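*Asks:* Submitted below is the structure of interest, expressed as structure tokens.
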Amino acid sequence: MNSVLLGNGINIQFGGLAYNSDFIMKRIKYASRLGKYDCLFGNKLTGTEIERMFNDFVPLANDIRLKNYDKYAGDNKDLKEALVDFQGRYNCEIKAVHEIMLEDWFLIIRMFFEKNMDLEEERSATIQGFEQLILDAIYNDGKIQELYKKMNKKVRKFFSSFDNIFSLNYDNNIENLTRKPVYHLHGDFSVLANSENSSNVQGYIRQKKGETVWLPEMKHCFCNALLNYSGKLKYKTATDAHALIADSETYAARYMYDENFREGVERLQEENPVYYELIMTKIQHPELNMATEYYFDTFKNITGKLSIIGMSPNNDDHIFDIILNNPNLKKVTFFYYSEKERRYVEDNFPSELFMCESVHKLWEDLNSKRPEYKCNYNIPNKAKDIINALNILSDDEIDFKRIKEEINKVPKFEVERLCRAVKEDMMIRNPTHSSTDSKGFIQGNASISYIALQEGILPSVLYLMCVMNFEYIQD
338 MNSVLLGNGI NIQFGGLAYN SDFIMKRIKY ASRLGKYDCL FGNKLTGTEI ERMFNDFVPL
398 ANDIRLKNYD KYAGDNKDLK EALVDFQGRY NCEIKAVHEI MLEDWFLIIR MFFEKNMDLE
458 EERSATIQGF EQLILDAIYN DGKIQELYKK MNKKVRKFFS SFDNIFSLNY DNNIENLTRK
518 PVYHLHGDFS VLANSENSSN VQGYIRQKKG ETVWLPEMKH CFCNALLNYS GKLKYKTATD
578 AHALIADSET YAARYMYDEN FREGVERLQE ENPVYYELIM TKIQHPELNM ATEYYFDTFK
638 NITGKLSIIG MSPNNDDHIF DIILNNPNLK KVTFFYYSEK ERRYVEDNFP SELFMCESVH
698 KLWEDLNSKR PEYKCNYNIP NKAKDIINAL NILSDDEIDF KRIKEEINKV PKFEVERLCR
758 AVKEDMMIRN PTHSSTDSKG FIQGNASISY IALQEGILPS VLYLMCVMNF EYIQD
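Using our numbering, you'd call the opening residue of the sequence shown number 338 and step up by one each time.
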């Protein structure tokens, strides 16, 4: 049997920098300014407050880095290990929100509540809010779900050749490409969370009571994604869910034939009415799922060969633990992105099981190497003052050297397309070109920066494109 496991490197390969962690986090800032998240928080939290909340956590992140929060971990071994790992990776001062990797935010939030135990009642809602913001930024207004359209026939044939396809990504590109099932180990944008999914017991109950809260326009924010600072915690959530699913399939028979079980369930009616309702609903509706399935049991039992593509070898330890503890795997091919990754695999995993191949060579063989452009736009040194102004407008400062490097990576046809996208957005926002108040001005600037980040372009670079090619912007 031949299986493949896919990570976020696939999305970066076909979607570019738009799916890097820092671009994802920056999108939250500008989407907040555009008022995109008001509906998620029942119009009780403004975009300004969301942005301020993220900024306020940056000093806390630095305190964690400096070991000022170690004492709040108590005797929790996993939490202590997570702090050590965080401190090892962030060895310089964190200056901005986007410098913090996506799932490290959940460690920061955890430590905030470990210190502020009096705010415990707010923990669940805060974590859910952060999850939804990050999921929306990853989703990128649905653009992430369109990446399969950039994958050619060779790529489709390659992925279709595998017997099992596993993914750590939430998007549905590979199933759309291959028309084959994909096992999402960490969740799936197309599947609602347990509490919202009417195919599951809890979601069914909540729907009947009118308690489900998912919004059609933000459905992806209410999906079953596993987000946490620790792979072990994700794995525990997934395995607990699988065990509950397996156990619940016996409820109906046990309730009918096992007197002790039946009496225990009946006692729950007074002792724990919520759990009683869950069990009885499953008994009465055996077609419903008791929990969300994350397919780790399927992954644990693969045999033969496994290829790993688009995944960092020093992330998601729980995945590699499963691989190393599977005696039925005979060969694991790790497609490395950098020499550093190759050395890590060769130094840390058994050579009789693991072999390394270059992912760049793979994409080249599949005619999918990312095109590289070296343009030569004329940007004189006297433009430094203009670029300083553009940095202020975009609120995303980059130095003169880098802005020149980045704009010269964008071919003329892409420059034209992006400029026209800005013009279209400006026409929608202000078709009469009338003067605007400060809020309108801020939102107009945020919208241009948001367009840039959606496309994997730095905001100041898009601003400079528009200045240099004003003919595509004007009426």
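Ideal Cβ placement from N, Cα and C applies to all residues, glycine included.
Please read all numbers here as calculations on a predicted model, not as lab measurements.
1) Quick one: what's got a C-beta closer than 7 Å to Y566's C-beta in the same chain, skipping five residues either side?
2) I need the DSSP call for I656, collapsed to helix, strand or coil.
3) If distances are taken between C-alpha atoms only, which option among G346, G547 and G411 comes closest to G647?
4) Answer yes if the segment 354-364 comes into contact with the segment 679-698, meaning at least three C-beta pairs across the two stretches below 8 Å, and no otherwise.
5) From the DSSP output, in three-state form, read off L625 for me.
6) Check this for me: beta carbons of Y800 and L371, under 9 Å apart or not?
7) If I'm right that Y406 touches D412 with Cβ under 8 Å, what's the distance once you round it to whole angstroms?
8) Using DSSP with H/G/I as helix, E/B as strand and the rest coil, what is L529?
9) Check whether the segment 458-467 and the segment 760-778 touch, using three or more Cβ-Cβ pairs below 8 Å as the test.
10) Could you give the residue range of the beta strand (DSSP E) that holds C693?
11) According to DSSP, what are the bridge partners of G641?
12) Using only the alpha-carbon positions, how far apart do K749 and L755 sit?
13) Any idea what DSSP makes of C317, helix, strand or coil?
14) Starting from S585 and walking both ways along the alpha helix (DSSP H), at which residues does that stretch end?
15) Using only CA atoms, which one of I810, G479, I794 and K569 lies nearest to A355?
16) Report all residues from its chain with a CB closer than 7 Å to the CB of R757; omit the five preceding and five following residues, and keep chain order.
17) For L522 versus F657, is the C-beta spacing smaller than 9 Å?
18) What whole-angstrom Cβ distance do K366 and E388 have, given they're in contact under 8 Å?
19) Mapping DSSP to helix, strand and coil, what is L397?
20) To the nearest angstrom, report how far apart V752 and L790 are at their CA atoms.
21) Alpha carbon to alpha carbon, how far is L703 from V492?
22) On a CA-only basis, which of H655, G384, L563 and N651 is nearest K637? Give me that one, please.
23) Within 10 Å of its beta-carbon, does L403 have 16 or more other beta-carbons around it, so buried, or fewer, so exposed?
24) According to DSSP, simplified to helix, strand and coil, what is S688?
25) Take every Cβ of the segment 562-579, pair it with every Cβ of the segment 621-631, and state whether three or more of those distances are shorter than 8 Å.
26) Could you tell me whether the Cβ atoms of M627 and N537 are closer together than 9 Å?
27) Name the DSSP bridge partner or partners of V341?
28) Go ahead and pull the three-state DSSP assignment for C429.
29) What three-state label does DSSP hand N509 in the structure shown?
30) If you draw a straight line from the alpha carbon of L342 to that of D525, how long is it in whole angstroms?
31) Is DSSP giving H521 helix, strand or coil here?
32) Nearest to G344 by alpha carbon, out of H557, I645, G379 and E436?
33) Between which residues of its own chain and L470 is the CB-CB distance below 6 Å, once the five residues before and five after are set aside?
34) Within the same chain, show all residues whose beta-carbon is closer than 6 Å to that of F737, passing over the 5 residues directly before and after it, in chain order.
35) Where does the unbroken alpha helix (DSSP H) through W551 begin, and where does it stop?
*Replies:* Considering the structure as presented:
1) A419, E440, D441, F443, L444 and R447
2) helix
3) G346
4) no
5) coil
6) no
7) Between D412 and Y406 the Cβ distance is about 15 Å, and since that is not below 8 Å, they are no contact.
8) strand
9) no
10) F691 to S695
11) L666
12) 10 Å
13) Coverage of the chain is limited to positions 338 through 812, which leaves residue 317 absent and any answer about it impossible.
14) G568 to S585
15) I794
16) Y809
17) no
18) 6 Å
19) helix
20) 14 Å
21) 6 Å
22) H655
23) exposed
24) coil
25) yes
26) yes
27) I502 and S644
28) coil
29) coil
30) 15 Å
31) strand
32) I645
33) I365
34) K721 and I724
35) Counting along the chain, W551 falls outside any alpha helix (DSSP H), and DSSP gives it neither H nor E.
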